[in-house]
Every structure is written in C-alpha cells, then in structure tokens.
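A.B. asks: In UniProt numbering, the protein residues as written are 1 to 121. Every residue, glycine too, gets a C-beta built ideally from N, C-alpha and C.
This is the structure in structure tokens:
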C-alpha cells in the first residue's frame, strides 16, 4: 500500500508541484492550505510523513509541528519543513519544535523524492 504524505502550504501552485512530484513517485498525497487545515486533516487520518511550509496564515509551520508532536499518533511520524526560510536560527527552532529535516524553496522535485524515500522508504 502506498505511503501517505500530508503536504501543507498556503501556495496552491507549490502544493500542486509537490503533490504531482510525490504522486509520480507512487505516494498518496493529502493537501492542506495552512497549518490549521493541516492539523485538522492530520486528526482525520494518520499519515506517514508531514511536509510543511513555515510562513502560512492561521497557523505557521512551527506551531503545526509542535501541535502534531503533542499527539500520540504523531510522536514518531517524520516531519520535513519545505520553506524559503533557511537561516540557522530558524532551522534550530524547527529542530526544537520536532522537525526531522529541512528543504529550501524553490525545491528540486528529484531532491524532494530522494529525501522522502530516505525518510519513509
């Protein structure tokens, strides 16, 4: 059975690119338009990986990660940040919140697939 990835980003074009790349590699993708939508969808079904942006309305990526890490079902689920934020300070905040990895936009679809495969197979 295909692994499911929750892609959280307020940019519809970026979500479409991520979803297209992941689906082409054989993954199922659940899309969310912001952190709150992502949290709601994560409560509805457990996914194998969460891919989230940082800067979004309603709830940012770090708050989403902290919220997910507070749920038993998401204590060990890998979470990757896919964001324009690339400072060491922001990466440290991401790690502290519970992020497992960091990809910087604009992203290379092949690199995204390589990282996802490394994290969840």
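Three or more C-beta pairs under 8 Å: does that hold for the segment 32-39 against the segment 85-96?
C.D. replies: Counting Cβ pairs under 8 Å, fewer than three are found: no touch.
A.B. asks: Closest to residue 62 by CA distance: which of 4, 93, 106 and 105 is it?
C.D. replies: 93
A.B. asks: I'd like the span of the alpha helix (DSSP H) that includes residue 63, first residue to last.
C.D. replies: Residue 63 -> alpha helix (DSSP H) spans 61-69.
A.B. asks: Please list, in chain order, all residues of the same chain as residue 19 whose beta carbon is under 7 Å from its beta carbon, the five residues on each side excluded.
C.D. replies: 7, 29 and 31
A.B. asks: What residue ranges within the segment 13-49 form continuous beta strand (DSSP E) runs of no fewer than 3 residues, ordered along the chain?
C.D. replies: Complete beta strand (DSSP E) runs here, min 3: 28-32.
A.B. asks: Give the C-beta separation of residue 47 and residue 4 to the nearest angstrom, bearing in mind that I take them to be a contact with Cβ-Cβ under 8 Å.
C.D. replies: 5 Å
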